[in-house]
Structures are given as structure tokens and as C-alpha cells.
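Q: Below is the structure I would like to discuss, written out as C-alpha cells.
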Amino acid sequence: MRLKNIAALVTGAGSGIGEAVSSHFRREGARLLLTGRRKRLDTAQPDDLYVPGDLNDETFVEDLAKQAVESLGTVDVVVLNHGLQASSPLTEMTYADAKNVLESNLLSAFLVMKHFAPLMPRAGGSFVCVSSRLGMVGKSGEVLYSAAKGGLIMLAKGAAIEWAPRDIRVNVVAPGLTATPIIEASIQRSPDPEAYRRERENQIPLQRLATPEEVADAVLFFASSESSYVTGSVLPVDGGYTAF
Ligand SMILES: NC(=O)c1ccc[n+]([C@@H]2O[C@H](COP(=O)([O-])OP(=O)(O)OC[C@H]3O[C@@H](n4cnc5c(N)ncnc54)[C@H](OP(=O)(O)O)[C@@H]3O)[C@@H](O)[C@H]2O)c1
477 MRLKNIAALV TGAGSGIGEA VSSHFRREGA RLLLTGRRKR LDTAQPDDLY
527 VPGDLNDETF VEDLAKQAVE SLGTVDVVVL NHGLQASSPL TEMTYADAKN
577 VLESNLLSAF LVMKHFAPLM PRAGGSFVCV SSRLGMVGKS GEVLYSAAKG
627 GLIMLAKGAA IEWAPRDIRV NVVAPGLTAT PIIEASIQRS PDPEAYRRER
677 ENQIPLQRLA TPEEVADAVL FFASSESSYV TGSVLPVDGG YTAF
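Using our numbering, the first residue of the sequence shown is number 477, and each one after it goes up by one.
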């Protein structure tokens with residue numbers, strides 16, 4: 477069990493990649509504090525602690541940190557998986573839309589890092605940020621999302637250097653298109669779902685979407701002691717999309 481005696485926070489734990497990360501971590505022996513915006517979490521298990529709320533709200537993040545201390549004592553691993561996908565031409569985005577995308581993907585991650593780093597034990601801790609392939613390359617129609625996910629990568633790299641003296645590691649997993657419910661729903665909404673799926677797959681060297689479990693495998697690597705000398709790094713899990 478690679479996460480025995482480890483206490484971990486997983487954000488955006490209610491679906492897709494967050495659900496797969498929670499299930500991997502549980503299997504590897506971690507004690508879990510889960511969070512997401514929805515009121516109930518059907519996938520939470522009896523031993524998990526689930527606290528719903530909006531991570532864009534600093535008061536909620538402070539309360540979550542207090543709850544973590546009361547329930548878990550310390551937090552060894554934080555997985556910043558929450559995020560908001562947004563597709564819209566740049567000129568059609570309002571300032572409020574843009575602010576929401578930057579808050580939900582970047583500033584909320586800053587808030588969690590700020591309030592959870594002090595809870596990590598002296599022996600070290602690990603933050604794993606879930607960015608995106610679009611944090612590494614630009615894409616028409618997803619400009620603000622891309623900017624936020626690129627910002628998340630630089631937030632992680634800077635924090636990795638700042639916190640290295642405390643032995644806190646900060647790394648990034650950058651998934652490509654992943655077969656989560658939100659992505660599957662967007663494929664099904666297109667006029668010809670099978671043609672649209674093939675078109676998306678053809679843009680990926682491995683010619684298929686990732687599974688949430690494949691992304692969770694990479695998160696588990698950064699959370700465990702197998703990556704004890706790795707910090708400030710970005711691991712694309714994108715079937716070769718950013719290899720060009
Ligand atoms: N699926 C992909 O193809 C793909 C590709 C690259 C990167 N990613 C990234 O991977 C992560 C997970 O994606 P996913 O596909 O599993 O998406 P998802 O199913 O939509 O999960 C995102 C989660 O983030 C939570 N969330 C969003 N904003 C929040 C906020 N302000 N406060 C608290 N929770 C918030 C949502 O909570 P509620 O559901 O309760 O609202 C949801 O549980 C995201 O960061 C996404 O950007 C996904």
C-alpha cells in the first residue's frame with residue numbers, strides 16, 4: 477500500500493478524474509478528505525470525510541483547513557484536481573466569465589496551497605496539481621482556460637522552489653482529453669457524436685482518449701514516495717498531444 481498512514485485532500489472529488497484519484501488513493505491506504513461543490517457525494521465511502529463548498533471562497537478554504545486539522549491532524553498530500561472547462565471565442569467572453577475561469581482553475585488553487593502548506597508535517601508533503609495539455613499549448617476557443625491552466629503550472633513550479641527547504645514537493649499532471657462524464661456529454665451533444673469522437677481522437681498520436689484511471693496513476697506517482705526526488709515537474713498524460 478503506497479499511501480499507508482497518509483492523509484490526503486482531493487478537490488473536485490465528485491466525478492471524473494477526482495473520483496478515480498479518490499478510488500486509487502483509498503485502495504493504497506490513504507485517509508481521505510474530499511471536497512467538491514455538490515452537497516452530497518454518492519461515491520464517498522463511510523471512512524471518507526466529505527466537505528462540500530466553493531474553493532473560490534477563501535472563508536470556505538480556511539474552514540476546510542480547520543476541519544482537516546480536527547479530523548486528520550495533518551495533511552500529507554493535496555491533490556488540486558478541481559477545475560472549470562470553458563469554451564468560447566475570446567471576444568464573446570465577458571469579464572465575469574473570464575474571472576470565473578481564472579478563479580476556478582488558478583486562484584482557488586493558490587488559496588488551497590496557501591492554507592494547506594502550513595498543515596503539512598515537517599517530514600514533508602506533496603501537492604499534485606491537475607492542469608491540462610492546454611496549459612502547455614494554446615487552443616482556439618479555450619484561451620482563458622488555457623491561460624489559467626498555464627498559470628497553474630507556473631504556480632506549481634514557483635511553489636516547488638519556495639517550499640523545497642521544507643521538503644514540500646509540488647508537481648503537475650497535465651491530462652489530455654480524458655473520457656470523463658463531462659467530456660462524454662459534450663461529445664454526445666454534437667450533431668454526429670461518432671464522427672466528432674473520431675475527429676478528436678485523430679488529433680492525438682495514440683488515437684484515443686485517456687481514461688480517468690490513467691490520469692489517476694500519474695497523480696498517485698507524485699503523491700507517493702516513488703517520486704521523492706521529483707519536484708516542480710510537469711507530466712503530460714496526453715497520448716502524445718504535446719509531443720510535437
Ligand atoms: N476531462 C478532460 O478531458 C480533462 C483534460 C485536461 C484537464 N482536465 C482537468 O482535470 C480536472 C478534472 O476534470 P474532470 O473532467 O474530471 O471534470 P469534472 O468532472 O467537471 O470535475 C471537476 C470538479 O471540480 C469541481 N469544481 C469546479 N469548480 C470548483 C470550485 N470553484 N470549488 C470547488 N470545486 C469545484 C466540480 O465540482 P462540482 O461537480 O460539485 O461542481 C467537479 O467535481 C479539471 O481540473 C480539468 O480542468 C480534464
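Cβ atoms here follow ideal geometry from the backbone N, Cα and C, with glycine treated the same way.
DSSP on Val545, reduced to helix/strand/coil?
A: Val545 falls in the helix class under three-state DSSP.
Q: Could you round the C-beta distance between Ala484 and Val691 to whole angstroms and report it? I think they count as a contact, below 8 Å.
A: Their Cβ separation, rounded to whole angstroms, is 16 Å, which puts Ala484 and Val691 out of contact at 8 Å.
Q: Would you tell me roughly how many angstroms separate the C-alpha atoms of Asp552 and Ala544, rounded to the nearest one?
A: C-alpha separation (whole angstroms): 11 Å.
Q: Cβ of His558 versus every heavy atom of ligand 1: is any distance shorter than 7 Å?
A: The answer is yes for His558.
Q: Buried or exposed: which applies to Asn481, given that a residue is buried once 16 or more other Cβ atoms fall within 10 Å of its Cβ?
A: Per the 10 Å Cβ criterion, exposed.
Q: Rounded to whole angstroms, what's the CA-CA distance from Ser563 to Ser607? Just pull it up for me.
A: When rounded, the distance between both Cα atoms is 16 Å.
Q: Per DSSP, what are the beta-bridge partners of Leu560 in this structure?
A: Leu560 is not bridged to any residue.
Q: Between Pro594 and ligand 1, is the CB less than 7 Å from at least one heavy atom?
A: Flag unset: Cβ of Pro594 not near ligand 1.
Q: Near Pro597, which residues of its chain fall below 7 Å by C-beta distance, leaving aside the five closest residues on each side in sequence?
A: Result list for Pro597: Thr550, Asp552, in chain order.
Q: Can you find the residues in the same chain that come closer than 6 Å, C-beta to C-beta, to Ala694, ignoring five residues on each side of it along the sequence?
A: Hits under 6 Å: Val649, Leu711, Val713.
Q: Closest by CA to Glu504, which one among Ser701, Gly512, Thr718, Phe720?
A: Out of Ser701, Gly512, Thr718, Phe720, Ser701 has the C-alpha closest to the C-alpha of Glu504.
Q: Please state the DSSP three-state secondary structure of Ser704.
A: Three-state DSSP puts Ser704 in coil, outside helix and strand.
Q: Return the chain-ordered list of same chain residues with a C-beta closer than 8 Å to the C-beta of Ala655, the five sequence neighbours on each side being excluded.
A: Closer than 8 Å at Cβ, skipping near neighbours: Leu685, Ala686, Thr687, Pro688.
Q: Hey, is Asp539 close to ligand 1, as in C-beta under 7 Å from one of its heavy atoms?
A: Not so, every heavy atom of ligand 1 lies at least 7 Å from the Cβ.
Q: For the alpha helix (DSSP H) containing Gly512, list its first residue and its last residue.
A: Not the alpha helix (DSSP H): Gly512 falls in the beta strand (DSSP E), residues 507 to 512.
Q: Out of curiosity, what's the CA-to-CA distance linking Lys542 and Cys605?
A: So the alpha carbons of these two residues sit roughly 21 Å apart.
Q: Are Tyr621 and Asn576 closer than 8 Å when you measure CB to CB?
A: Taking 8 Å as the Cβ cut-off, Tyr621 and Asn576 do not qualify as a contacting pair.
Q: With a Cβ-Cβ cutoff of 8 Å, do Ala520 and Leu509 count as a contact?
A: Their beta carbons are not under 8 Å apart, which means Ala520 does not touch Leu509 by this criterion.
Q: Given a cut-off of 8 Å on the beta-carbon distance, is the pair Gly490 and Arg507 in contact?
A: Contact flag unset, no.
Q: Would you call Asn647 buried or exposed, if buried means 16 or more other Cβ atoms sit within 10 Å of its Cβ?
A: The residue in question, Asn647, is buried, as its Cβ has 16 or more Cβ neighbours within 10 Å.
Q: Among Ser584, Ile629, Arg673, Gly708, which has the Cα closest to the Cα of Trp639?
A: Per the Cα distances, Gly708.
Q: What residues are listed by DSSP as bridge partners for Ala483?
A: Its beta-bridge partners are Arg507.
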